[in-house]
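Encoded as structure tokens, the structure appears first; notes follow it.
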Amino acid sequence: MSVTVYVPCDASALSLGAEAVAETIAAEAARRGLDVTIVRNGSRGMFWLEPLVEVATPEGRIAYGPVQPDEVAALFDADFLHGGAHALALGPTESIAYLKSQQRLTFARVGIIDPRSLDDYLAHGGYRGLEAALRMSGADIVQTVTDSGLRGRGGAAFPTGVKWKTCLDAKAVQKYVACNADEGDSGTYADRMVMEGDPFVLIEGMTIAGIAAGATRGYIYLRVEYPHAHRALKAAIAIAEANGYLGDDVRGSGKAFHLEVRLGGGAYICGEETSMLESLEGKRGQVRVKPPLPAIHGLFGKPTVINNVVTFASVPIILDKGAAFYRDYGSGRSRGTLPIQLAGNLKRPGLVERAFGLTLRELIEGYGGGTASGRPVRAVQVGGPLGAYIPASQLDAPIDYEGFAAIGGMLGHGGVVVFDDTVNMAAQARYAMEFCAIESCGKCTPCRIGSTRGVEVIDRMLASDNAGRQRDEVLLRDLCQTMVAGSLCALGGMAPFPVLSALDHFHEDFAGTAEPVQ
Ligand SMILES: Cc1cc2nc3c(=O)[nH]c(=O)nc-3n(C[C@H](O)[C@H](O)[C@H](O)COP(=O)(O)O)c2cc1C
Ligand code: SF4
């Protein structure tokens, strides 16, 4: 009987040699005359263990990792095909502490199924949400999403059901669904993992959105730097079309939904939803003034539901298991789970999906295992390049939207980037301003000019004497306030937050003075 061996085809595993590992396992099995079926699954999200090889045994899947090609022969010698003992053996995959304590709802299948197999998707609960949605009215689907408490996972945390209702209520012959898969935030990869490891869940979520809002056409705006996700999505869309899950008559319902992937323009601002619409229309990615809201006047001027990959991917389980099931997870007004992406200076970087409410400390010290360098944590940036730098003294902050706002932070897309005590926070502040200057779309003055002036002022602060530094700090804070208050979108409006947090919490890095100028 053939033994199934799983070797991830996720970009993180491939970058660590998974392709060569899969080839070596196939060659070694052939050489030994053993019948092995290799399945290319997504990643389980434990990157320090990649390439993570799993073997299907009667007792469940047994993990080995990180595996390199030159260790494959020894694994065969140790009879890993039957879960044999070896230095790289990690035991049953589901029992690895990092995974066992997670609450994977959106990521329920990622790393488990073959992303190119519809049968595998169906066998693991796939398309049950759509089947339920097809029995409901658009208004009832929207109500279910509203009741679940789901908020956008792309950054702004806007209630998803409210957005869908606005689009549903808009009168138009043509409406669209657009998925924001630009994933530009530093340290984030949840969208990529979903698209590479479980692309059907995104397709299902978008189809449900289309059926709910009355939109017959959808686009996935995919970051151009994600070639593996592109291939996975194209393959899954073709399979969904061939099996009646997409097309003019979705599952015989008489309702149409068509889906296409469009590659992004390669700029951070193209992830801002109105810039994304411009780019989708074939124009330069530049921010549109709101209102009108995209849900009313979006792609090609038509009502458009725009959501992030993780938001759409969270919808099928809500429709399948009900709003209350999802809502039961979480804390306060942050309902459900958040796929948190641990990155930066950590021993165990990876994907952790948990209900809202755990603390940064649990994430960094518990899951992450502390810094890779072994040095103390000094700062954490949560929510991408526009997120404030959080000092180690605030690691007990709870991960939920309101709790984070209370300490001047934002969860954004759930990226957590950790720095140890060797980081120079003045350099980080300068980088934040420089990033804004490089990525500004140029439409409004506070951001376009302000960010460039901001870099100059920080440079001058770092080069001048005490009196000059204090004068420039006043100027820098004033400039930051102007950007926050006067920018058209959140790039210019939030880029000051990392700068101000660095000044407030790590003032000593800007000069000898320990006291921030107020
Ligand atoms: C500068 C900037 C970059 C953004 N980049 C992304 C992105 O890469 N992916 C994303 O989903 N949302 C991004 N957003 C947020 C989107 O504008 C929008 O809020 C989101 O796509 C809506 O989906 P959601 O409600 O599911 O979160 C960005 C916003 C700004 C201001
Ligand atoms: S804040 Fe910056 S990115 Fe946003 S519209 Fe203004 S210039 Fe463009």
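According to our numbering, the sequence shown is numbered sequentially starting from 318.
Where a beta carbon is used, it is the ideal one built from N, C-alpha and C, also for glycine.
Cβ-heavy atom distance, residue i to ligand 1, below 7 Å
i	result
residue 484	no
residue 499	yes
residue 585	yes
residue 673	no
residue 749	no
residue 471	yes
residue 588	yes
residue 463	no
residue 477	yes
residue 507	no
residue 524	no
residue 613	no
residue 621	no
residue 660	no
residue 705	no
residue 423	no
residue 654	no
Beta-carbon proximity list for residue i, same chain, < 8 Å, skipping 5 on both sides
i	result
residue 770	796
residue 415	363, 665, 667, 669 and 684
residue 539	498, 499, 512, 546, 547, 550, 578, 579, 580 and 581
residue 673	646, 647, 648, 649, 651, 652, 653, 654, 655, 715, 716, 717 and 718
residue 318	352
residue 349	393
Check: residue i C-beta below 7 Å from any heavy atom of ligand 2
i	result
residue 701	no
residue 801	no
residue 760	yes
residue 850	A question about residue 850 goes unanswered here, because the residues of the chain that appear run from 318 up to 835.
residue 604	yes
residue 757	yes
residue 804	yes
residue 810	yes
Cβ neighbours of residue i in the same chain (closer than 7 Å, five flanking residues each side left out)
i	result
residue 549	432, 512, 513 and 516
residue 750	768, 771, 772, 775, 812 and 816
residue 395	401, 402 and 403
residue 324	335, 338, 339, 342, 355, 357, 368 and 370
residue 525	446, 447, 450, 458, 632, 633 and 636
residue 509	328, 500, 543 and 546
residue 661	504, 734, 735 and 736
Cutoff 6 Å; reference residue i; Cβ partners in own chain excluding five residues on either side
i	result
residue 326	357
residue 583	541
residue 596	582, 587 and 602
residue 724	711 and 714
residue 786	778 and 828
residue 826	741, 742 and 743
residue 782	none
residue 700	727, 728 and 729
residue 532	492, 493 and 494
residue 534	493 and 575
residue 809	763, 764 and 800
residue 573	533 and 565
Those residues which DSSP pairs with residue i across a bridge
i	result
residue 374	377
residue 706	698
residue 409	379
residue 576	535
residue 623	495
residue 737	694
residue 602	Note: residue 602 sits in no beta bridge, so no partner.
residue 355	322
residue 658	668 and 732
residue 676	715
residue 647	652
residue 564	574
Quiz item: Are the region 447 to 462 and the region 701 to 711 touching by the rule of at least three beta carbon pairs closer than 8 Å?
Solution: no
Quiz item: How do the region 802 to 812 and the region 681 to 697 stand: do at least 3 beta-carbon pairs fall below 8 Å, yes or no?
Solution: no
Quiz item: Taking three-plus beta-carbon pairs below 8 Å as touching, is the region 561 to 570 in contact with the region 518 to 538?
Solution: yes
Exercise. May I ask you to verify whether the region 438 to 447 touches the region 629 to 637, counting CB pairs closer than 8 Å and requiring at least 3?
Key: yes
Quiz item: With contact counted as at least three CB pairs below 8 Å, one residue from each stretch, are the region 399 to 416 and the region 370 to 389 in contact?
Solution: yes
Quiz item: Counting pairs of Cβ atoms below 8 Å between the region 601 to 616 and the region 477 to 497, do you hit three or more?
Solution: yes
Quiz item: When the Cβ atoms of the region 333 to 346 are set against those of the region 384 to 399, are three or more pairs found closer than 8 Å?
Solution: yes
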